[in-house]
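Number of protein chains: 2
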Amino acid sequence: MDLERLGTDLLAGDRRALARAITLVESGRADHRAEALALLARVAGAGRQALRIGLSGTPGVGKSSFIEAFGMMLTGQGLRVAVLAVDPSSTRSGGSILGDKTRMDRLAREPLAFIRPSPSQTQLGGVARRTREAVALCEAAGYDIVLIETVGVGQSETMVAGMSDLFVLLIAPAGGDELQGVKRGIMEAADLILVNKADGALRETAQRTCADYAGALRLMRPRPQDPAGFPRAMCVSALEGTGLPEAWAAMRALADWRAGAGVTAAARAGQARLWFEEEVRAGLLARLLADPAMRARVAAAGDEVAAGRPASEAAAAVLAGLYGLGGRGR
Amino acid sequence: MDLERLGTDLLAGDRRALARAITLVESGRADHRAEALALLARVAGAGRQALRIGLSGTPGVGKSSFIEAFGMMLTGQGLRVAVLAVDPSSTRSGGSILGDKTRMDRLAREPLAFIRPSPSQTQLGGVARRTREAVALCEAAGYDIVLIETVGVGQSETMVAGMSDLFVLLIAPAGGDELQGVKRGIMEAADLILVNKADGALRETAQRTCADYAGALRLMRPRPQDPAGFPRAMCVSALEGTGLPEAWAAMRALADWRAGAGVTAAARAGQARLWFEEEVRAGLLARLLADPAMRARVAAAGDEVAAGRPASEAAAAVLAGLYGLGGRGR
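Taken in sequence, the protein lines are chains A and B.
First residue of the first sequence? That's 623 in the numbering used here, and the numbers climb one at a time after it.
First residue of the second sequence? That's 623 in the numbering used here, and the numbers climb one at a time after it.
Right, dumping it as structure tokens:
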């Protein structure tokens, strides 16, 4: 692969180069990995940054319609928008929103937009690395906004929130006891809760839902670094386009505040440091587990711990064996 | 130290032996650590288990009064109760609830109860290990219930929830906009929200607060493994003792359900496995960082990553250097 050329094309904003670069960081092959690291190091020098917006919503909330309408509004303002999907549960070949390229057919044809489906990987750690690196590549390619969308299965919402500047939760209108679509804990991460489908017969239900969530947000401790009025719950209609400018204005207001207060830079530095530490830890463990005998030993010790063996003692025994310091354990 | 004797006394339920054993697991000395691991391995064989209840509440909610009243009710039923405090933010000598032994003076004098203040450590990882090991020691000493209480600073609530069978959130009555005492996200972990101080002039406010939280809990997705009606919000008064039998009945009902469904055993096995993996990861990193030159290198790389260097590439460079595989990085 001509890495030099790929880097140059990527920095020039070429969409095919961006797609190829993301394929490279998604690859599990060792030689591809080395190339991916070299490419990332090269394009990092450009120092470009996008507004990173995490977006979560369960199936049925109209996420694709929202992204299409929201994305078209942004590209209509001349902004370049990249959409990355994260779906660790996806087993479909080619990723979870392969179909979304069809469903988001207007945005997919828009020259200022780039849509990338989720890779068909199931390991969350791999998905996290790929997504962080894909965000960096989109930034290097000059995108103004990177939308990182997830269906919110398992830990993926927390993971996406941990790599975003803003986190938006999209929910559907529902009445009374139906209001159970939000995973416990994810409201922690939400800066903005958008109740979609506030149109037609569902308009009033959406408004009530919005008021309910606004009430629930008030029950929680405010984040000291944020301006008054956040987190906020608002109504939108992807179908009619209503509420989208207001939602974007709220995102911009919060993003500008955080950028001005130095919160964004500090958060990104902290996220990057955490990512680095995770990579070191994961790398150390991977090297440990690369030895089949050691892998079997760790697995057996894990089973014993699940059955009652003290974890610290089992871990100490495994580590002592590794470094030839003499086993203390059994 | 006579480990054999300590283990025997601990298994016989001797409180002084339990206190000494916890001091041993809290020690940072390498020889103490080896003894602690041997002791844990020895007493694990007894296979005793308590009901582990995590309890969180910010200062001012009346946590000490609640623990005293709740603990006295339990010991009044002949149950043995251990209280472990977790407060990573504590810098006071001797731990955060040294004063609580005075405030909980009835419970502290009760032969069936054991109260242990938080150690004056600031590193969350160390606190987590110590607390998990202290829980195991309390179980070995034959306690029926281990209450793990935390003030809910930073990640400590998540940590405590991750080592409990049940998680209880204690909150204070408050009206309207004052209702901001719950850290975002912690409602995810709560099985039971108890609104304390439902007595005297605050009774009605407490009932309204309880209804508000019940409403907020309904906004969230139920956990499929739990029976209907959980998580639940209830009123209690530590002062008058009202609501405590009902709260205990709810805890028992949920605990029995989970035990019967195999949920508790599976959760404990999963928690233990996770703990083991954390110990292995932390141990590997500790060994890496034991070398001053490597420590400096990791710190420098972390700073570079915070300033923009790609995390994966920096991690790969650090790891390559460690294993003499030739650096790929800068």
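Ideal Cβ positions, reconstructed from N, Cα and C, are used throughout, including at glycine.
{"query": "Residue-level contact to chain A via CB, M809(B), 9 Å cutoff", "result": "yes"}
{"query": "E899(B) - DSSP class collapsed to helix/strand/coil", "result": "helix"}
{"query": "Euclidean distance between Cα positions of V705(A) and W879(A)", "result": "24 Å"}
{"query": "Among A881(B), D925(B), L824(B) and A875(B), nearest to W897(A) - alpha-carbon criterion", "result": "D925(B)"}
{"query": "Runs of alpha helix (DSSP H) lying entirely within the segment 825-875 of chain A, each at least 4 residues, in chain order", "result": "825-840"}
{"query": "Beta-ladder partner(s) of G676(B), from DSSP", "result": "I770(B) and F789(B)"}
{"query": "Residue-level contact to chain B via CB, M958(A), 9 Å cutoff", "result": "Outside the shown range of chain A, which is 623 to 952, sits residue 958(A), and nothing can be said about it."}
{"query": "Rounded straight-line distance, which links the Cα of S778(B) to that of S678(B)", "result": "9 Å"}
{"query": "D636(B) in three-state terms, based on DSSP", "result": "coil"}
{"query": "Residues, ordered as in the chain, of the segment 746-759 of chain B that lie near chain A by beta-carbon distance below 9 Å", "result": "R751, R754, E755 and A758"}
{"query": "Exposure of P741(B), with buried meaning 16 or more beta-carbon neighbours within 10 Å", "result": "buried"}
{"query": "Residue-level contact to chain A via CB, Y765(B), 9 Å cutoff", "result": "no"}
{"query": "Reduced DSSP secondary structure (H/G/I, E/B, other) of V927(B)", "result": "helix"}
{"query": "Sufficient close CB pairs (3 or more, under 8 Å) joining the segment 640-655 of chain A to the segment 780-788 of chain A", "result": "no"}
{"query": "Nonlocal neighbours in the same chain, by C-beta distance under 8 Å from P681(A), ignoring five residues either side", "result": "V773"}
{"query": "Cβ neighbour criterion (16 or more within 10 Å) applied to A828(A)", "result": "buried"}
{"query": "DSSP state of A704(A) mapped onto helix, strand, coil", "result": "strand"}
{"query": "contact_flag[the segment 691-702 of chain B, the segment 636-644 of chain B] where n(CB pairs < 8 Å) is 3 or more", "result": "no"}
{"query": "Where P932(A) meets chain B, residues with beta-carbon distance less than 8 Å", "result": "L659, L662, A663, A666, E755 and A758"}
{"query": "C-beta atoms of R903(A) and R931(B) nearer than 9 Å", "result": "no"}
{"query": "Distance between beta carbons of G905(B) and L941(A), contact taken as under 8 Å", "result": "4 Å"}
{"query": "Contact with chain B by G669(A), beta-carbon distance below 9 Å", "result": "yes"}
{"query": "Residues in the segment 814-836 of chain A having any Cβ partner in chain B nearer than 8 Å", "result": "D834 and Y835"}
{"query": "Reference A820(B); option with closest CA among G882(B), A643(B), P795(B) and P846(B)", "result": "P795(B)"}
{"query": "Candidates D813(B), R702(B) and D727(B), of which the one nearest E761(B) by Cα", "result": "R702(B)"}
{"query": "Rounded Cβ spacing between E690(B) and L729(B) (contact assumed at less than 8 Å)", "result": "5 Å"}
{"query": "Cβ shell of V920(B) (< 8 Å), same chain only, five flanking positions each side left out", "result": "L910, L911 and V940"}
{"query": "Option in M873(A), A833(A) and K685(A) with minimal Cα separation from L861(A)", "result": "K685(A)"}
{"query": "Cutoff 9 Å: F789(A) Cβ touching any chain B Cβ", "result": "no"}
{"query": "Backbone secondary structure at R738(B) - three-state DSSP", "result": "strand"}
{"query": "Cβ neighbours of V885(A) in the same chain (closer than 6 Å, five flanking residues each side left out)", "result": "Q847"}
{"query": "Cutoff 9 Å: E626(A) Cβ touching any chain B Cβ", "result": "no"}
{"query": "Presumed contact (8 Å Cβ cut-off) between L759(A) and A656(A), rounded CB distance", "result": "L759(A) to A656(A), Cβ: 16 Å. No contact."}
{"query": "Supposed close pair A938(B), L659(A) - CB separation, criterion 8 Å", "result": "6 Å"}
{"query": "Unbroken beta strand (DSSP E) run spanning V683(A), endpoints", "result": "No beta strand (DSSP E) holds V683(A); DSSP gives it neither H nor E."}
{"query": "According to DSSP, residues forming a beta bridge with V817(B)", "result": "I793(B) and C857(B)"}
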